[in-house]
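Working notes for the structure below.
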Amino acid sequence: MESTNKIALVTGGSRGLGKNMALSLAGKGIDVILTYHSQKDEAEAVVADIQGHGQKAAALQLDVANSKGYDAFFAAMTNSLRETFRADHFNFLINNAGIGIYAPFANTTEEQFDELMNIHLKSTFFLTQKALPLLADGGRIINISTGLARFSMPGYAAYAAMKGGVEVLTRYQAAELGTRGIAVNTVAPGAIETDFGGGVVRDNPTANAHVASQTALGRVGLPDDIGGVVAFLCSEEGRWINAQRLEVSGGMLV
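Numbering (our numbering), first residue to last: 229 to 482.
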């Protein structure tokens, strides 16, 4: 008998914002498959946390930068769906996995550019493409962008350019997947206190205070500010939101 629970795939779900998204989805009664790059112990701890709250969960290794590994990943995911979740499809794809590289425009190397492109833009295009046979009709796709696609801060030209591409891609995905009832949206966080980019916003008091001074609500964002938004977009109440960019920054640089 196939499970009636909804299932989400969260890339990069073992830490930072991805972890919070996975836990927030589980808190709404959604089962979760999360991916990790190399920190298996962290991923398994998140799985145990989700299971402790009564939801099913699994962790699978995935290097989103390596598109040649996508077929093997989805073969493993198909097995996990059947064995762990008693399901043949999943319902929500959260394209979250990412890295931050600080590099001024004049000093950005081609290697840095290509790494950011493969992880942020190419993966959002081709991983989603490969996921379509397993993604249920009426499902949702949420692509994670950044406030830096709207406002500019020195050192993030390449990173923000990739996320700008993700935001355009989101609209095209929404237009072309609507015939299957699949809604596609972008969530664009502002500066958040995580280990992202070396944890500078979290660990550097000067940087933290500067960001807070540029934010209408007067503080830096926290992971809990983001996960609930993603969970809402996967809820029944979010069903009519499509092809939108939702910035979650507390009003940075407004």
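Quick reminder that beta carbons are idealized off the backbone N, C-alpha and C, glycines included.
Only a predicted model underlies this, so the values are computations on that prediction, with no experimental measurement involved.
Mapping the DSSP letters down to three states, classify M229 as helix, strand or coil.
Here residue 229 corresponds to residue number 1 of the sequence shown, with the count starting at 1. Reliability fails at M229, whose pLDDT of 45 lies under 50, so the model's placement of it is uncertain and the value that follows must be treated cautiously. Three-state DSSP puts M229 in coil, outside helix and strand.
- Expressed to the nearest angstrom, what Euclidean distance is found between the alpha-carbon atoms of L237 and E465? If you number the sequence shown from 1, residue 237 lands on position 9. If you number the sequence shown from 1, residue 465 lands on position 237. Looking at the two C-alpha atoms, the distance is approximately 20 Å.
request  = Let me know the beta strand (DSSP E) ranges lying completely inside the segment 289–352, each 3 residues or longer, listed in chain order.
outcome  = 318–323
On the criterion of 16 or more Cβ atoms from any shown chain inside 10 Å, does M229 qualify as buried, or is it exposed?
Residue 229 sits at position 1 when you count from the first residue of the sequence shown. Residue placement at M229 is poorly supported in this model, since its pLDDT is 45, which falls under 50; the coordinates still yield a value, given next. M229 should be labelled exposed.
**Item:** Contiguous beta strand (DSSP E) assignments of at least 3 residues, all confined to the segment 362–444
**Value:** 363–372, 411–417
Practice item. Please determine if the segment 444–451 and the segment 412–426 are in contact, where contact requires at least 3 C-beta pairs separated by less than 8 Å. Key: Under the three-pair Cβ rule at 8 Å, the segment 444–451 counts as touching the segment 412–426.
Below 6 Å CB to CB, which residues in the same chain sit around A359 once its five sequence neighbours on both sides are set aside?
-> For the purposes of this step, residue 359 is taken as residue 131 along the sequence shown, with counting starting at 1. If we look at A359 and ignore the five residues flanking it on each side, its Cβ neighbours are L321.
By the DSSP assignment, the beta strand (DSSP E) with L450 in it spans what residues?
Locating residue 450 in the sequence shown gives position 222, counting from the first residue. Careful: L450 lies outside any beta strand (DSSP E) and carries neither H nor E.
### Message
Helix, strand or coil for T263? Go by DSSP, reduced to three states.
### Response
By one-based count along the sequence shown, residue 263 stands at place 35. Strand.
- Message: Let me check understanding here. Comparing Cα to Cα, which of A254, Y384, A325, N346 lies closest to A334?
- Response: Position 106 of the sequence shown, counted from the first residue, corresponds to residue 334. Y384 is the residue among A254, Y384, A325, N346 whose C-alpha sits nearest the C-alpha of A334.
Classification of D431 by the beta-carbon crowding that lies within 10 angstroms, buried from 16 upward
The residue given as residue 431 occupies position 203 in the sequence shown. By the neighbour-count rule (16 or more Cβ atoms within 10 Å), D431 is not buried but exposed.
Check: Which residue comes first and which comes last in the alpha helix (DSSP H) that contains S270?
Finding: Your numbering for residue 270 matches position 42 in the sequence shown. The displayed chain sequence assigns Glu, not Ser, to residue 270. That run of the alpha helix (DSSP H) goes 268–280.
task: Could you check the C-alpha separation between R399 and G409 for me, to the nearest Å?
output: Against the sequence shown, residue 399 aligns to sequence position 171. Against the sequence shown, residue 409 aligns to sequence position 181. Straight-line Cα distance between these residues: approximately 14 Å.
Measure the beta-carbon distance from Q289 to Y264 and round it to whole angstroms, keeping in mind my assumption that it falls under 8 Å. The count along the sequence shown starts at 1 and reaches residue 289 at position 61. The count along the sequence shown starts at 1 and reaches residue 264 at position 36. Yes, they are in contact, since the Cβ atoms of Q289 and Y264 sit about 6 Å apart, within 8 Å.
Based on the DSSP secondary-structure assignment, which residues constitute the bridge partners of I235? Translated into positions along the sequence shown, residue 235 becomes position 7. For I235, which the question treats as bridged, DSSP gives the partners D259.
Compute the distance between the beta-carbons of N319 and I372, then report whether it is under 9 Å.
To locate residue 319, count along the sequence shown from 1; it is residue 91. To locate residue 372, count along the sequence shown from 1; it is residue 144. Contact: no.
Task: Element boundaries [beta strand (DSSP E), containing R473] - done: To locate residue 473, count along the sequence shown from 1; it is residue 245. Residues 473–476.
Worksheet entry | Per-residue burial, H281 [other beta carbons within 10 Å of its own, 16 or more giving buried] | Sequence index remark: in the sequence shown, residue 281 carries index 53 (1-based). Answer is exposed; the Cβ neighbour count stays below 16.
Exercise for review: Starting from A287, follow its DSSP beta bridges and name the residues at the other end.
Suggested key: Here the question's residue 287 lines up with position 59 in the sequence shown. Answer is L262, bridged to A287.
### Query
To which residues of the same chain is F341 closer than 7 Å at the C-beta, ignoring the five residues directly before and after it?
Along the sequence shown, read from residue 1 onward, the residue named residue 341 stands at position 113. Result list for F341: A386, in chain order.
Requested in this report: Just confirm the distance between the C-beta atoms of E395 and R473, as a whole number of angstroms; I'd bet it's less than 8 Å.
Outcome: Within the sequence shown, numbered from 1, the residue matching residue 395 stands at position 167. Within the sequence shown, numbered from 1, the residue matching residue 473 stands at position 245. Yes, they are in contact, since the Cβ atoms of E395 and R473 sit about 6 Å apart, within 8 Å.
Quick one, are the C-beta atoms of K234 and G255 less than 9 Å apart? Translated into the one-based positions of the sequence shown, residue 234 becomes position 6. Translated into the one-based positions of the sequence shown, residue 255 becomes position 27. No, the Cβ-Cβ distance between K234 and G255 is not below 9 Å.
Residue(s) in a DSSP beta bridge with M480:
Here residue 480 refers to the residue found at position 252 of the sequence shown. T443.
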